[in-house]
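Residue numbers (this note's numbering): 257 to 739.
Virtual Cβ for every residue (Gly too), placed ideally from N, Cα, C.
Please read these numbers as outputs of a predicted model, since none were measured by experiment.
Presented below is the structure to which this report refers.
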């Protein structure tokens, strides 16, 4: 494994951002078109089935890792082949056990949610795809440790293409839930093959008690965070699938998917890069502070205006697109999930920084708080506001970002007001769209015109307010970006 200095970390991180974002843009574009076509050809009930069944598999999946992969990525020293084999062995024992349990429970889960045979087969397919995904863990660790993000994204592109083409073709031809079943298997097989072409690793088993003990000291608290995130998110979806009609769960899934799309495009890439990068900088607090500020600025710079545009234009989009009016009940939920996404674009880099410097127990306590708050507030909100209560509770809980900022400032001195300029420019854009949309929007072309006009207003505003910051960041990028 390579040892990287600060200059190398900076260079590879910046190149990684561009490699991931540019290639992920292709993925998100394909995903955007796919989701749009699926929401036209499939009913909210079919979406509800996929949303709930996917959450059930995710619930089982969280027990397969125990944080060993994160421990290897965060590790200061070079990683050894014995550590990789120990991690792989432990993970595969857990994964195979969980997949067997999932397949044995599939009929019970079908009865619990009143799923038909197609729904049960989808659950089985997701379990098999989960096993295939686990085989990619070690090659992914090696690529992330060395900050080779340009290679890491290739299997994701392959997976997305196979999944999207398969699911759309089948959905258009009336296969319903079965469209997802075949598509997830196509995604799992293609992603596995692509990963081992890009990053070949000779599969091998081995075990060291000493290595396992060291890795688990970081990995277990890290995975407890993930387990609590599971209880907060995926387990909640499983609960919703029982207490709400599947069509209403479909509305929640629709709103959440679109609101979180900017996070998936921007934030997932930033987190994927900054966790190993911050880990390498954990003893350089001044450099780490600047890196944290720039990651927050970059996230909010793109995510804030995307979410504002989504909230302002979604009602017109839903009413104008043929067969899309069925999603109108999800508009309110979309707004509150977007609020959650906006605040998450700030809190996620902060908790990521805490994990990177080894303060995993603090993020564990935060996750305990968020999980308890979710399970206390959400059922009550559902009683008062119906299925929209899920999104309303999500928006309310996201204001706990104030606590996150306070805790991170105890260890890393950073300026949270780097979000000021993106926020101000976004509010200006939002006000403009709010006032002009009712006058201008008549059809799809006028919606597209308003998207472009809103983007122009935002970028002009941010350039006026943050010209110095933007020029400084562009200079850093230019100096470190590979030609």
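Query, Result
"Buried versus exposed, by CB contacts within 10 Å (16 or more), residue 435", "buried"
"Local conformation of residue 257 per DSSP, three classes", "A caution first: residue 257 carries a pLDDT of 42, below 50, which makes its placement in the model too unreliable to give a value."
"Three CB pairs or more closer than 8 Å across the segment 435-448 and the segment 388-402", "yes"
"Simplified DSSP state of residue 291, which is helix, strand or coil", "helix"
"Enclosing alpha helix (DSSP H) for residue 540 [first to last residue]", "Per DSSP, residue 540 belongs to no alpha helix (DSSP H) and is neither H nor E."
"Reference residue 550; option with closest CA among 415, 673, 453 and 459", "673"
"DSSP three-state assignment for residue 412, whether helix, strand or coil", "helix"
"Endpoints, alpha helix (DSSP H) assigned at residue 626", "616-641"
"Span of the alpha helix (DSSP H) around residue 363", "337-368"
"Whole-angstrom C-beta distance between residue 603 and residue 660, which should lie under 8 Å", "5 Å"
"Beta-carbon contacts of residue 344 that lie in its chain and below 6 Å, excluding the five residues immediately before and after", "394"
"Cβ neighbours of residue 455 in the same chain (closer than 7 Å, five flanking residues each side left out)", "395, 398, 399 and 407"
"Short Cβ contact (7 Å threshold) for residue 653 with residue 637", "no"
"Proximity test, residue 397 beta-carbon vs the ligand FAD heavy atom, cut-off 6 Å", "With respect to small molecules bound, the structure shown includes none, and the ligand FAD cannot be examined in it."
"DSSP three-state assignment for residue 431, whether helix, strand or coil", "coil"
"For residue 583, the three-state DSSP class (helix, strand or coil)", "helix"
"Cβ-based neighbour list, residue 414, same chain, cut-off 7 Å, excluding 5 preceding and 5 following", "446, 447 and 450"
"Residue 701, buried or exposed, once every other Cβ within 10 Å from all chains shown has been counted against 16", "exposed"
"Candidates 671, 610, 651 and 584: closest to residue 597 by CA position", "651"
"Contact under 7 Å by Cβ, residue 302 with residue 433", "yes"
"Residue burial classification, residue 334 (beta-carbon count within 10 angstroms, cutoff 16)", "exposed"
"The segment 583-592 in contact with the segment 510-522 per 3-pair CB rule at 8 Å", "yes"
"Complete runs of the alpha helix (DSSP H) confined to the segment 635-695 [at least 4 residues]", "644-653 and 657-665"
"The segment 681-693 contacting the segment 707-718, beta-carbon criterion three pairs below 8 Å", "yes"
"Residue 555 beta carbon less than 7 Å from that of residue 601", "yes"
"Within 7 Å, strictly: CB atoms of residue 410 and residue 422", "no"
"Residue of 681, 416, 360 and 452 minimising C-alpha distance to residue 384", "360"
"Exposure label - residue 581; buried when at least 16 CB within 10 Å", "exposed"
"Start-to-end residues for the alpha helix (DSSP H) that takes in residue 396", "393-401"
"Residue environment, residue 337, which counts as buried when at least 16 other CB atoms sit within 10 Å", "exposed"
"Where the alpha helix (DSSP H) containing residue 376 begins and where it ends", "373-390"
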